[in-house]
Each structure stands twice: as structure tokens, then as C-alpha cells.
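Asker:
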Amino acid sequence: MHTPANQELQALLKELNEQAEVDREQRIQSKRTGELPNAVPLPDDISPDSLYPTTIHCRSAFDYAFFCQSFGGQFVNVYRYGSFRSCSNHWEDFWLCLRTRNWDEKDRAKAIREHYRKKAVKYKTGPSSEDVWEVRTEPVKDAFQDSLEDLEAKIEQWKKANPGLADPWKGNVTTVMQRAPGRPMNDVKTIEQKANQKKIEENQANAGSNTPPAFDHNAVARIENSRATHNKFPLVKFRNVTNNAAIPYFPKTITALSRMSEAHIDVVLAALSLPTDGDPEAKQKRLQAYIGAPTVNMA
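Here is the structure:
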């Protein structure tokens, strides 16, 4: 059955077979002669001048020159070079194209190549738009590259010039990043340990000089509990602020806190010297906020 579709298919198969036959003959011929069928011929001229163009389009040259004369072209020059620029180089391209359009092909290519060579000498060896940037002649010095003796001399000079001001370098050593020679790494305080210590000092200052050890423990426990990310996160137990004893019925997790009875909540609040008035929900929120347990998804 000869349908148009079958005829097109047969024509396509015939064309593919013919192309395959041609490729096979080329491979056989290349094996005999040792030449590749699609080898790119080497250029006749390999001198540096061969890198310059040998053709020019009059329409493109005119468009470049006309755009340079317009407001948009000069805006580009101001944006790129910082000032208005002459358009004579673009017009020279255009007039060269018109002047050589009837020349012999070789003479025309030679003239165009010489024209672009002169342009390269004029514009690529002179001042550049990048000259507006200041060149750094010395590398930037940081705290590890500068001289320690010079730094100590500057500090002493500042102290002499400002005798009435507090020393900003005294007690400002970052122990997180620095360690004295021979000092074990476990003696270096981390940022979290510093935060815990600061919280303990604040609690001691607020509670008075006779603060029991429970305030120190509870301050650290509150910071640890604030890191809870789910409802089964184990909570650090608080201690009784009066006698430093363990608090009965203290919740182990946030889920256990949400299921505590009102009587158990009152026991924990009393051990922490917190008020026990209000409805059960208010008491639960008061306890949760005090022990630092965040509100997480209970699902």
C-alpha cells in the first residue's frame, strides 16, 4: 500500500543509506591516503597580524558611529569612562568601509587589517578606563601579620596620651580563640559557659549575697531547658531554692509538664518560691516560663 507516509519513510531511509555509503567511502579513502575527511586546513598566514579582522560591514560601522553621536551612546561613555568620548574612531571605520568597498579583495583585506592594527596600537597601549582604580602596592596586614612590638608600642603610646581613661585592653582577652602555652584546652571557657556564668552572677546579684547553691544549678538548668526542640526533650531538674534538695514531681519532659495535675504543679511552684495563685493553666505557663521550657508542637 503506497500511502504518502510510506513514500516519505522510504525516501528518508534511502537518503540515510546514501549518506552512510558516502561516509563509508570517505573512511576507506582516508585510510588509504592518511588524511582526515573533515580536517580543518591550516591558515596561510600565521603572523601576529593575522589576528586582526580582514572584513568590515558598512551598515554595522554606521550604526556604531551614529549611536555614539546620540545621547545614549554618550551616556554609555560617561558610565564606562567617566566622561564624554570622541566618535571619530567609529566614523573612521565607516569611511574606510566606503572607501575600500570597490577595491580588490586582497587589497581591501590588507587595508582593513592595517586599520585595525593601528587602532590596537593606539587604544590598547595607551591609558585604560581601569586606570581610575588605585593599585595596592602593599598587602593588607591583619592581626597575625603585623608586628607585635609595634602593637605594644602603640598601646603604650595610647596609655600615655590618655592617662585618665580606662585601659580597653585589660581583661579583654578572648579565651575562646586564644590559649596560653601549656594550658589545657578544657580550661578554656566556651561562649556557652561564659553565658551560663553570667546568668549565674546575675541571679546571685538579684537574690542577695546569701544565695544558696540551688540558684546556680537552676540558672544552668534553665539555659539547658531552653534548647528543647520537641515534646520528649529531657528537661534538667531544678532544685529547691530553700534547702537545695530535689523537687518531687518535677516534670521530665514537656509532655509530662502539660499533663501535670494542679496539686503537683503547686508543689513544684512552692519549692521554687513562686506564687501558686491562679487557674491551673496560668500556673502551668508560669512554671514552664520559669524553668525555660519553650512551647513546642505537642503532636
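Heads up: the sequence shown at position 192 corresponds to 263 in our numbering, and the numbers run straight through without jumps.
Glycine included, each C-beta is placed from N, C-alpha and C at the ideal position.
1. When you compare the CB positions of residue 342 and residue 296, do they come within less than 7 Å of one another, or not?
2. Does the beta-carbon of residue 165 have 16 or more other beta-carbons within 10 angstroms, so that it is buried, or is it exposed?
3. Where does residue 233 land, buried or exposed, given buried means 16+ other C-beta within 10 angstroms?
4. What does the alpha-carbon distance come out to for the pair residue 254 and residue 235?
5. Among the residues of its own chain, which have a CB less than 7 Å from the CB of residue 359, if the five just before and after it don't count?
6. Based on Cα-Cα distance, which residue from 155, 320, 353 and 304 lies nearest to residue 364?
7. Could you tell me which residues DSSP puts in a beta bridge with residue 317?
8. Just the Cα atoms here: how many angstroms apart are residue 121 and residue 183?
9. Per the contact definition of three or more C-beta pairs closer than 8 Å, is the stretch 156–171 in contact with the stretch 91–102?
10. Where does residue 174 sit, in a helix, a strand or coil, going by DSSP?
11. Would DSSP call residue 325 helix, strand or coil?
12. Leaving out five residues before and five after residue 140 in sequence, what residues of the same chain have Cβ atoms less than 6 Å from its Cβ?
13. Looking at the secondary structure, which residues open and close the alpha helix (DSSP H) in which residue 127 lies?
14. Which term fits residue 339, buried or exposed, when burial requires 16 or more other beta carbons within 10 angstroms of its beta carbon?
15. Buried or exposed, going by whether 16 or more other CB atoms sit within 10 Å of the CB of residue 146?
16. Exposed or buried, residue 289, counting other C-beta atoms within 10 Å across all chains shown (16 or more means buried)?
17. By Cβ distance, which residues of its chain are closer than 8 Å to residue 355, with the 5 residues on each side in sequence left out?
18. Between which residues of its own chain and residue 293 is the CB-CB distance below 7 Å, once the five residues before and five after are set aside?
19. If you draw a straight line from the C-alpha of residue 148 to the C-alpha of residue 123, how long is it?
20. If you draw a straight line from the alpha carbon of residue 223 to that of residue 291, how long is it in whole angstroms?
21. In terms of alpha-carbon separation, which member of 132, 300 and 353 lies closest to residue 324?
22. Compute the Euclidean distance between the alpha carbons of residue 322 and residue 315, then round it to the nearest angstrom.
Answerer: Let me lay it out:
1. Not in contact: residue 342 and residue 296 (Cβ atoms no closer than 7 Å).
2. Buried is the call here.
3. Classification of residue 233: exposed, given that the 10 Å Cβ count is below 16.
4. Here the model assigns residue 254 a pLDDT of 45, short of 50, so the residue's position is not dependable and the matter cannot be decided.
5. Closer than 7 Å at Cβ, skipping near neighbours: 328.
6. When each option's Cα is compared against that of residue 364, the closest is 304.
7. Looking at the DSSP output, residue 317 shares a beta bridge with 310.
8. Approximately 11 Å between the Cα atoms of the pair.
9. Using a C-beta cut-off of 8 Å, the stretch 91–102 makes no contact with the stretch 156–171, since fewer than three inter-stretch Cβ pairs fall below that distance.
10. Three-state DSSP puts residue 174 in coil, outside helix and strand.
11. If DSSP states are grouped into helix, strand and coil, residue 325 belongs with the helices.
12. A distance below 6 Å between beta-carbons, with the five flanking residues on each side excluded, links residue 140 to the following residues of its chain, in chain order: 158.
13. Residue 127 -> no alpha helix (DSSP H), and no H or E assigned at all.
14. Looking at its Cβ environment, which holds 16 or more other Cβ atoms inside 10 Å, residue 339 is buried.
15. By the neighbour-count rule (16 or more Cβ atoms within 10 Å), residue 146 is not buried but exposed.
16. With 16 or more other Cβ atoms within 10 Å, it is buried.
17. Cβ-Cβ distances below 8 Å link residue 355 to 328, 329, 331 and 336 in the same chain, with the five nearest sequence neighbours on each side left out; the list follows chain order.
18. Excluding sequence neighbours, residue 293 sits near 362 and 363.
19. Each residue's alpha carbon lies about 25 Å from the other.
20. Our two residues, residue 223 and residue 291, have alpha carbons roughly 39 Å apart in a direct line.
21. It is 300.
22. C-alpha separation (whole angstroms): 17 Å.
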